[in-house]
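A.B. asks:
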Amino acid sequence: MSNTQAETSIIGMIDMFHKYTRRDDKIDKPSLLTMMKENFPNFLSACDKKGIHYLTSVFERKDKNEDKKIDFSEFLSLLGDIATDYHKQSHGGAPCSGGSQ
1 MSNTQAETSI
11 IGMIDMFHKY
21 TRRDDKIDKP
31 SLLTMMKENF
41 PNFLSACDKK
51 GIHYLTSVFE
61 RKDKNEDKKI
71 DFSEFLSLLG
81 DIATDYHKQS
91 HGGAPCSGGS
101 Q
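Going letter by letter, the sequence shown gives residues 1 to 101 in UniProt numbering.
(1) Do Phe17 and Phe75 have their C-beta atoms closer together than 8 Å?
(2) If contact is defined by three or more beta carbon pairs under 8 Å, each pair taking one atom from either stretch, is the segment 71-88 in contact with the segment 24-31?
(3) Between Lys88, Gly93, Leu79, Asn65, which lies nearest to Gly12 when the distance is taken from Cα to Cα?
(4) In the UniProt domain "EF-hand" (50-85), which residue ranges form an unbroken alpha helix (DSSP H) of at least 4 residues, counting only runs that do not cross its ends?
(5) Would DSSP call Asp48 helix, strand or coil?
(6) Let me confirm a value: Met35 is counted as buried when at least 16 other C-beta atoms fall within 10 Å, else exposed. Which label applies?
(7) May I ask you to report which of helix, strand or coil DSSP gives Asp15?
(8) Could you compute how far the alpha carbon of Met1 sits from the alpha carbon of Glu7?
Quick look at the structure:
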């Protein structure tokens with residue numbers, strides 16, 4: 001049986017996470033910055049959040065346990081913020097009006 005669109009989307013998020021993780025299955029700061037720039041350039045551009053200061057603040061906010069790495073649940077929180085922003089845009093909201101950006 002083939003995966004549904006929702007299942008394929010979830011697997012894609014997991015694959016994206018693993019692309020940027022280290023052996024400990026966590027994303028370090030340089031890898032998170034690269035992941036954001038490579039996968040969300042339109043979001044960063046629309047929100048005028050391409051600068052290192054914004055990306056550093058994202059890392060610090062999402063690193064809830066302050067271990068200097070982003071684990072999978074912290075990664076999902078970041079994706080949730082981005083998805084919330086795109087959802088609000090789908091209802092006519094301005095870019096960067098959603099999530100905890």
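Beta carbons: idealized from backbone N, C-alpha and C, even for Gly.
C.D. replies: This is what the structure gives:
(1) In the sequence shown, residue 17 corresponds to position 17, counting from 1. In the sequence shown, residue 75 corresponds to position 75, counting from 1. Against a cut-off of 8 Å, the Cβ pair of Phe75 and Phe17 comes out as a contact.
(2) Contact between the segment 24-31 and the segment 71-88 is present: 3 or more CB-CB pairs across the two stretches fall below 8 Å.
(3) Against the sequence shown, residue 12 aligns to sequence position 12. The shortest C-alpha separation from Gly12 is found at Leu79.
(4) Note on the UniProt domain "EF-hand" (50-85): whole alpha helix (DSSP H) runs with a minimum of 4 residues are 52-62, in chain order.
(5) Residue mapping note: residue 48 aligns to position 48 of the sequence shown, counting from 1. Coil, per DSSP.
(6) Position 35 of the sequence shown, counting from 1, holds the residue named residue 35. Counting Cβ neighbours within 10 Å, Met35 comes out buried, since at least 16 surround it.
(7) Here residue 15 is taken as the residue at index 15 of the sequence shown, counted from 1. Asp15: helix per DSSP, three-state reduction.
(8) For the purposes of this step, residue 1 is taken as the residue at position 1 of the sequence shown. For the purposes of this step, residue 7 is taken as the residue at position 7 of the sequence shown. Here the C-alpha atom of Met1 lies approximately 12 Å from the C-alpha atom of Glu7.
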